[in-house]
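Next comes the structure, spelled out in structure tokens:
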């Protein structure tokens with residue numbers, strides 16, 4: 002994996018997005034601070050992320066066929082960070098929910114793009130090991146990110162933790178894009194048409 006800059010950059014992008022900006026642990030605090038702790042509002046937070054993710058998932062075929070998968074993943078991960086920073090700073094409920102829906106859509110695009118890129122770039126003999134790393138990144142990154150968000154919120158506040166985390170994630174993704182030219186220039190291999198006999 003370390004010998005393939007595209008894989009290294011793709012995983013680094015996902016780690017930056019999840020570890021630095023995962024918002025779920027902060028939802029109850031934001032709900033308490035801004036929306037009087039209404040449980041219906043808390044439910045809307047999670048639903049907004051899901052609606053954005055499902056909406057983007059409807060176009061997953063187009064995402065996996067995108068010619069510039071690396072750029073698409075980088076842009077989606079940066080959008081995720083900015084949208085979560087916006088959620089942290091949003092006042093009205095409609096704006097908070099809109100930011101979460103955008104974040105959910107961006108997350109889905111980033112994950113789908115990463116999955117396709119990893120499958121295309123991994124040689125068959127290493128596929129099991131690289132898929133294991135992908136699974137660990139996908140499961141552990143968000144949990145570490147939720148812990149990071151909780152610690153930062155305890156030192157500052159939930160909105161500050163969200164804003165700082167989201168902007169930091171976008172900045173690190175920008176750094177990955179700048180430093181990792183192979184990921185930035187990656188082009189999805191063209192597929193030969195399949196003939197059914």
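Numbering (this note's numbering), first residue to last: 2 to 198. Backbone N, C-alpha and C define an ideal beta-carbon position, used for all residues, glycine too. Just so it is clear, the structure is predicted and the values come from calculations on it, not from any experiment.
Own chain residues within Cβ distance below 7 Å of residue i, not counting five before or after
{"i": "residue 56", "result": "106"}
{"i": "residue 143", "result": "19 and 23"}
{"i": "residue 154", "result": "27, 30 and 162"}
Reference residue i; option with closest CA among the options
{"i": "residue 141", "options": "6, 61 and 21", "result": "21"}
{"i": "residue 47", "options": "58, 29, 37 and 61", "result": "29"}
{"i": "residue 33", "options": "92, 65 and 72", "result": "92"}
{"i": "residue 67", "options": "80, 36, 110 and 81", "result": "110"}
Status (buried if at least 16 other CB within 10 Å, exposed otherwise) for residue i
{"i": "residue 63", "result": "exposed"}
{"i": "residue 190", "result": "exposed"}
{"i": "residue 27", "result": "buried"}
{"i": "residue 160", "result": "buried"}
Residues near residue i by beta carbon distance below 6 Å, same chain, minus five either side
{"i": "residue 118", "result": "11 and 70"}
{"i": "residue 78", "result": "14, 18, 111 and 174"}
Proximity of residue i and residue j at Cβ, strictly below 7 Å
{"i": "residue 102", "j": "residue 52", "result": "yes"}
{"i": "residue 178", "j": "residue 75", "result": "yes"}
{"i": "residue 156", "j": "residue 114", "result": "no"}
{"i": "residue 90", "j": "residue 164", "result": "yes"}
{"i": "residue 81", "j": "residue 108", "result": "yes"}
{"i": "residue 83", "j": "residue 2", "result": "no"}
Sequence-distant residues of its chain with Cβ nearer than 8 Å to residue i (five each side left out)
{"i": "residue 127", "result": "2"}
Would the segment 7-21 count as touching the segment 163-175 if we require 3 or more Cβ pairs under 8 Å? yes
Cβ contact (3+ pairs, closer than 8 Å) linking the segment 184-192 and the segment 34-47: no
Say whether the segment 89-103 touches the segment 111-127, bearing in mind that this needs 3 or more beta-carbon pairs closer than 8 Å, one atom from each stretch. no
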